[in-house]
Amino acid sequence: MKTALGKLQEWYKEGVLDKEFALKDENKAVEDITAGKVGISYGEWWYPNWPLNMNVDKDPKADWIALQIPGLDGPGKSLVPKMRSNRLYGVNKNMKNPEAAIKLINYFIEVGNKKYMEENKPENGFVYNWFNPRIYNPTEIETVYTEVNKALDGKQTEITLEDENYKPVAEVFKAANYYLAGDTTEYTKGVNWGQYFSRAAKDGGWGTTRMIKEKGAYVNNEFYALPTATQVEKGMQLDKLMQESFTKIIMGAPLDEFDKFVDSWKTLGGDKITQEVNDWYSKEAVK
């Protein structure tokens, strides 16, 4: 970490990093991306769909590429959660029809099927964000990638998939055809490019993610329990300490300030959190 901070400090001095990065929130960063002031952006596979698409709209000659995260001596490894679920929903035990929650989830996924496409439109009352639990089919993005590429490679004129992934597959296939044909009559270029390059392009967001997975260029975060007691009590304080310390170092504070940060982090609860996490792992994760 200290080596990485030293490199960032060097880049800050050279003007590679924005001199005002510490003052900019997400909205301001997106404004800079849209205006073409940003050349490299760390992000998820879907970044072409937002916010990079807005830069492509503004500058049709913009040419973004997806790359594996760099490491010190070559390609690096991404840190990936061991479990992808990030929230739980409970049903009151006194609820008259608790099975309705599961039925709603199943229905929410099912309406993506081709046979319902003429019915499940906003004008008919089908607005997905009215359903509070945001449910995502875990196979959706992989199905989109494989089905759209199969159709494009086979020069198909329509998608024949019939299952619950039909809607997202059909949307990306349509956008891909518009973009690859250079047609901007129905959508702006950015929307078409964003859909295609994030979800279907073999060298795009999901295509690169698949490559990283196949190469095993990732590390799982093995801690997937609820926050420990000390994380709840001290976590925000430690995160703030880290952000402030790292920002000062990048902007020119002596690099040895990192060692002082480590000592403070450990003393203020970091050592206790580390112990709690390791205790959990030894008892639960190894089972």
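Using the working numbering, read the sequence shown as starting at 14 and increasing by one per residue. Every residue gets a Cβ at the ideal spot worked out from N, C-alpha and C, and that includes glycine.
Beta-carbon separation of residue 230 and residue 91 under 8 Å?
Their beta carbons are under 8 Å apart, which means residue 230 touches residue 91 by this criterion.
Is the number of C-beta pairs between the region 232-239 and the region 174-185 that are closer than 8 Å three or more?
Short answer: they don't touch.
Using only the alpha-carbon positions, how far apart do residue 114 and residue 133 sit?
20 Å
Excluding the 5 residues flanking residue 264 on each side, which residues of the same chain have their C-beta closer than 7 Å to its C-beta?
25 and 35
Go ahead and label residue 67 buried or exposed: buried means 16 or more other beta carbons lie within 10 angstroms of its beta carbon, across all protein chains shown.
buried
Please work out which residues of its chain come closer than 7 Å, Cβ to Cβ, to residue 225, disregarding the five sequence neighbours upstream and downstream, and give them in chain order.
81, 91 and 231
Hey, out of 112, 139, 110 and 111, whose CA is closest to residue 124's CA?
139
Secondary structure at residue 104, three-state DSSP: helix, strand or coil?
coil
Quick check on the DSSP output: what are the complete alpha helix (DSSP H) runs of length 4 or more inside the region 171-247, in order along the chain?
179-193, 202-212 and 218-228
Just to confirm, are residue 212 and residue 157 a CB contact at a threshold of 8 Å?
Yes, the Cβ-Cβ distance between residue 212 and residue 157 is below 8 Å.
Residues of its chain near residue 79, where Cβ-Cβ distance is below 6 Å and the 5 sequence neighbours each way are ignored
217, 218 and 221
Do residue 46 and residue 30 have their beta-carbon atoms positioned less than 8 Å apart in this structure?
no
Assuming residue 91 is part of the beta strand (DSSP E), what are its boundary residues?
91-94
Sorted by chain position, which residues of the same chain lie with C-beta nearer than 7 Å to residue 251's C-beta, five sequence neighbours on each side aside?
278, 281, 282 and 283
Check whether the region 240-249 touches the region 285-297, counting contact only when three or more Cβ pairs, one atom from each stretch, lie closer than 8 Å.
Short answer: they touch.
Segment contact flag, the region 253-262 with the region 195-210, C-beta cutoff 8 Å, min 3 pairs
no
Outcome for residue 48 when other beta-carbon atoms lying within 10 angstroms are tallied against a minimum of 16
Result: exposed.
Test item: CB-CB of residue 22 and residue 268 under 8 Å
yes
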